[in-house]
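Report on one structure; see the data block that follows.
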């Protein structure tokens, strides 16, 4: 069993920055693939970014590439998402996810709201 708790969301103006955190517990975090997803009102949940267990590999959705950066601190069992140059269309609930392989996520956090005002 893995518990994931996101934090760091809030209201930010367009062009601003926010850093999300996801604290993990319950399993050896350092061997898991971690990812961020988001869900905007009335839309399906979509992939944002993922990072390998060693942090040697990261992938991003086209819509956020160059603006968002995913990272992890295995010693602290924490995942991060640095979001820069935010746009109103980035407004969503952001979720972190955990799995043993890329694309297959078994555990999800409760989500944190990010609202970008124009």
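Residue numbers (our numbering): 47 to 164.
The beta carbon of each residue, even a glycine, is placed where N, CA and C say it ideally should be.
Test item: CB-CB of residue i and residue j under 7 Å
i: residue 67; j: residue 124; result: yes
i: residue 52; j: residue 158; result: yes
i: residue 126; j: residue 83; result: no
i: residue 121; j: residue 85; result: no
i: residue 73; j: residue 48; result: yes
Residue of the options minimising C-alpha distance to residue i
i: residue 65; options: 133, 95, 114, 86; result: 114
i: residue 118; options: 136, 147, 112, 104; result: 104
i: residue 130; options: 101, 100, 109, 89; result: 109
Residue range of the beta strand (DSSP E) that includes residue i
i: residue 64; result: 64-71
i: residue 145; result: 138-145
Neighbour-count burial assignment, residue i, 16 or more Cβ in a 10 Å radius
i: residue 57; result: exposed
i: residue 136; result: buried
Residue-chain proximity (residue i, chain D), Cβ-Cβ < 7 Å
i: residue 144; result: Protein chain content of the structure displayed is limited to a single chain, and chain D is not contained in it.
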